[in-house]
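Sequence order for the protein chains is A and B. Residues 1 to 327 in this note's numbering are what the first sequence lists, from first letter to last. Residues 1 to 298 in this note's numbering are what the second sequence lists, from first letter to last. Notes follow once the structure below has been shown.
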Amino acid sequence: MTRKNLTLLAVAAIAALALLGLALPRWLLFLCTMAASHGIVSVGILLIMRGGLVSFGQGMVFAIGGYAVALSVTHLGISDVVVLMLIGTIAATIAGAAVGPLIARYSGIFFGMLTLALSMVLYGILIKSTAMGGSDGFNIPRGTLLGMRLEGGTGDYILYVLTIVSTGLASLAVAIHTRSARGLVTQAVLGNSLRVEYLGVSVQSVMAMNFTLAAALGGLGGALTVLALGHIEPTFSYWTQSGEFVFVAILAGAQSVVAVFVASLALELVRSFSNLYFPNTWQMALGLFLLAIILFLPAGIGSLWSRRAGGKSPEPKISASEREAAR
Amino acid sequence: MQLALTILMDGLIYASWLFVVALGLTLIFGVLKILNIAHGSLYAVGAYMAANAVTFFAAWGFGGWYALLAMLLAAAVTALLLGPLLERGLLRLFYGRDEVILLLVTYALFLILEDAVKLIWGVNPYYVTEPYQLFGNVAFESMFYVGYDFALIGLAIVCGLIVWFGLNRTVFGKIVLAVIFNREMSASMGVNVDRVHLAAFTVGVFLAAIGGAFTAPMISVQPGISVSVIIVSFAVIIIGGLGSIEGAAIGAVVVGLARAAAVHLFPEAELFSIYLVMAAVLVFRPEGLFQRAAARKI
Chain A
1 MTRKNLTLLA
11 VAAIAALALL
21 GLALPRWLLF
31 LCTMAASHGI
41 VSVGILLIMR
51 GGLVSFGQGM
61 VFAIGGYAVA
71 LSVTHLGISD
81 VVVLMLIGTI
91 AATIAGAAVG
101 PLIARYSGIF
111 FGMLTLALSM
121 VLYGILIKST
131 AMGGSDGFNI
141 PRGTLLGMRL
151 EGGTGDYILY
161 VLTIVSTGLA
171 SLAVAIHTRS
181 ARGLVTQAVL
191 GNSLRVEYLG
201 VSVQSVMAMN
211 FTLAAALGGL
221 GGALTVLALG
231 HIEPTFSYWT
241 QSGEFVFVAI
251 LAGAQSVVAV
261 FVASLALELV
271 RSFSNLYFPN
281 TWQMALGLFL
291 LAIILFLPAG
301 IGSLWSRRAG
311 GKSPEPKISA
321 SEREAAR
Chain B
1 MQLALTILMD
11 GLIYASWLFV
21 VALGLTLIFG
31 VLKILNIAHG
41 SLYAVGAYMA
51 ANAVTFFAAW
61 GFGGWYALLA
71 MLLAAAVTAL
81 LLGPLLERGL
91 LRLFYGRDEV
101 ILLLVTYALF
111 LILEDAVKLI
121 WGVNPYYVTE
131 PYQLFGNVAF
141 ESMFYVGYDF
151 ALIGLAIVCG
161 LIVWFGLNRT
171 VFGKIVLAVI
181 FNREMSASMG
191 VNVDRVHLAA
201 FTVGVFLAAI
211 GGAFTAPMIS
221 VQPGISVSVI
231 IVSFAVIIIG
241 GLGSIEGAAI
251 GAVVVGLARA
261 AAVHLFPEAE
271 LFSIYLVMAA
281 VLVFRPEGLF
291 QRAAARKI
């Protein structure tokens, strides 16, 4: 797909979704807002995952984005949602750019565990800091747009549109990036990182770049979530939250950005219905769902409709003999 | 001086049971190449089983020292029930997949076990404090310590030695080491790799369960204990190097001391301190303290 077609498609999809929002009941509208704002974080994980690494600590940038927004409201008195959204994104991008180069040299499980550690460090700091609400977090009032306070059903709808437009455009940027020369190098790193280095490309800088981009998306997600939720708490940075982001990325598979949002919506729906009908076992339902996906749909739900020509499956590169031995 | 001693003792006591749990985690990783997130849940199951077993034993008239036997049996039953069930019934299906996928499989397992534990034992805490008094108190440098804590340190040393001896001085242990070193080659030499996997996983579960069983008298057994345990044992084996027994021991002591120091000096930084140490170790030794850097494949 060319860049032009991609852009047209994305704009059309955003417009369609924005119109669809008018017809949705309020609870489903909120669910979709949450799905999109969480989904964009998982898109970030997908960016990192294309290089063969998985971050189990995206909760960190998610929380940084969220807290940047919430603190800007309470301490700086900023209430414009677009400005707040940008603040959250920029704060997380700065954090990502600072951390990225440090952790880019780790591979495999170590990268995952180190990102997990960083997010848990942040969590540890947040629950102890009484100035930022401690373990309960704090509430923020609804934001404004162009001086108008976003309240009631209209406010919900405007936040939904803001979320759809910003995450949609961010996803478009990601889709264009992954097709660019810089983005394709990541795929080469997955193929063989040593050869990529022999060709004169720094694998570390590619990975640091991906991490920073993912941080920006994570911050955006955190900012949008806080704006819609009106509440922030340290669990944003907790490892189970990060686990959910990875869950969605795996569920979606590496082939399509759209699939991430579908997966994210599926998760939100499963969560809210399980909460309603079997509140004590919804984690179990989630676990079984995840196992079923990994077992029966290893390339994610994206593989159901997107069979890119020549695209390699995200199956790990393991020789047939090793697979045989493992059996 | 007094403070330093307190920190040292608290750190070692914390390190003792942590080492037992982390030993299971590192053994499972070494043999199966799976970083088992559900390990903390197995610890929790062990703790609940022990709480029940001790109560039952006491009700049948086997109080006092029999409680130790009850806890040991609880751990063994947990391992024999869950080990084969999880390895044969679930993990086997995913062998050969990417490490990260396996991590997610155990994450799913963690989610399932968490709710299963709540369904079986409910959400109310269990208290079995009686065995905690078995060893009396020990006076040490004008401080009093509970004898049970020292017994735990002894248990950790015994567990570590048995696993080390089993791996390095027995035929089956050598076979396990061969499988760790090269799964494919071992299989072609006629080693029953499936059996090694099953045995290693079951022993790993037993270690998690025994850690849980013997800490049960010290804590209130309630939902949520698994999460803190898994988070800390991850740090331990990452610091020590994945798959290394010596590493797990050093890692547990380092984490124990770091945590004890934080608790006494900066109480706010309890969890923070553990991960700070882990991050610091990884900066200087990316593969952990006791792990040789792997050659990169071209």
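All residues carry an ideal CB built from backbone N, CA and C; glycine is no exception.
In its own chain, which residues sit with a C-beta less than 6 Å from the C-beta of residue i, not counting the 5 before and 5 after it?
i      : result
S79/A  : G143 and T144
I225/B : A44
F278/A : none
L265/A : A35
L213/A : L47
A68/A  : I87, G88 and A91
G112/A : V54 and F56
Report yes if the CB atom of residue i is closer than 8 Å to the CB atom of residue j, and no otherwise.
i      : j      : result
A22/B  : M49/B  : no
L199/A : I40/A  : no
A175/A : V257/A : yes
I36/A  : I232/A : Looking at the sequence shown, residue 36/A is not Ile but Ala. No, Cβ-Cβ distance for A36/A and I232/A is not below 8 Å.
I34/B  : A200/B : no
G66/A  : A223/A : yes
A79/B  : V205/B : yes
L82/B  : L42/B  : yes
A67/B  : V54/B  : yes
L172/A : L6/A   : yes
V221/B : P125/B : yes
I120/B : M284/A : no
G215/B : W65/B  : Just to set this straight, residue 215/B is Thr in the shown sequence, not Gly. For T215/B and W65/B, no; Cβs fall outside 8 Å.
Y160/A : L304/A : no
I255/B : I274/B : Sequence inspection shows Val at residue 255/B; the Ile mentioned does not correspond to that position. Yes, these two residues count as a Cβ contact at 8 Å.
N210/A : T178/A : no
Spatial neighbours of residue i within its chain, please: C-beta separation below 7 Å, excluding the five flanking residues on both sides.
i      : result
L167/B : G173, V176 and L177
L122/A : M60, A63 and S237
M218/B : Y132
H197/B : V31, L32 and E87
S119/A : G57, G59, M60, S237, W239 and S242
Taking the straight line between their C-alpha atoms, what separation do you get for residue i and residue j?
i      : j      : result
L12/B  : L257/B : 7 Å
T89/A  : G243/A : 21 Å
A187/B : D194/B : 9 Å
I342/A : H39/B  : Here chain A covers residues 1 to 327 and nothing more, so residue 342/A does not appear.
V227/B : L104/B : 15 Å
P316/A : G153/A : Only weak support exists for where P316/A lies, its pLDDT of 45 falling under 50; the coordinates are left without a value.
I301/A : A208/A : 28 Å
F165/B : L155/B : 15 Å
E114/B : L290/A : 15 Å
P223/B : G46/B  : 13 Å
L31/A  : R169/B : 58 Å
A235/B : L271/B : 11 Å
E312/B : A254/A : Beyond the ends of chain B as shown, which are 1 and 298, falls residue 312/B; an answer cannot be given.
P267/B : A15/B  : 18 Å
N139/A : Y148/B : 46 Å
F144/B : L3/B   : 14 Å
L17/A  : Y157/A : 11 Å
A131/A : N36/B  : 36 Å
K297/B : L194/A : Confidence at K297/B is low in this model, with a pLDDT of 47, below 50, so its placement is unreliable and no value can be given for it.
A213/B : L72/B  : 7 Å
L282/B : T115/A : 12 Å
V146/B : V81/A  : 57 Å
Sort out for me which residues DSSP pairs residue i with in a bridge.
i      : result
M148/A : L145/A
F138/A : I232/A
V146/B : N137/B
Y123/A : The partner list for Y123/A (beta bridge, DSSP) is empty, contrary to what the question assumes.
V221/B : Y126/B
D393/A : Residue 393/A falls outside the range modelled here, since chain A spans only 1 to 327, and no answer is possible.
Please list, in chain order, all residues of the same chain as residue i whose beta carbon is under 8 Å from its beta carbon, the five residues on each side excluded.
i      : result
F290/B : G240, G241, S244, E246, G247 and I250
A108/B : none
R26/A  : G153 and D156
V123/B : Q222 and P223
Inter-stretch contact (C-beta, 8 Å, three-pair minimum) for the segment 246-261 of chain A and the segment 88-102 of chain A: These segments do not touch.
Below 8 Å, how does it come out for the segment 237-251 of chain B and the segment 51-63 of chain B: are there three or more Cβ pairs, yes or no? No contact exists between the segment 237-251 of chain B and the segment 51-63 of chain B.
Are there three or more Cβ pairs, one per stretch, closer than 8 Å when the segment 182-192 of chain A is compared with the segment 45-55 of chain A? These segments touch.
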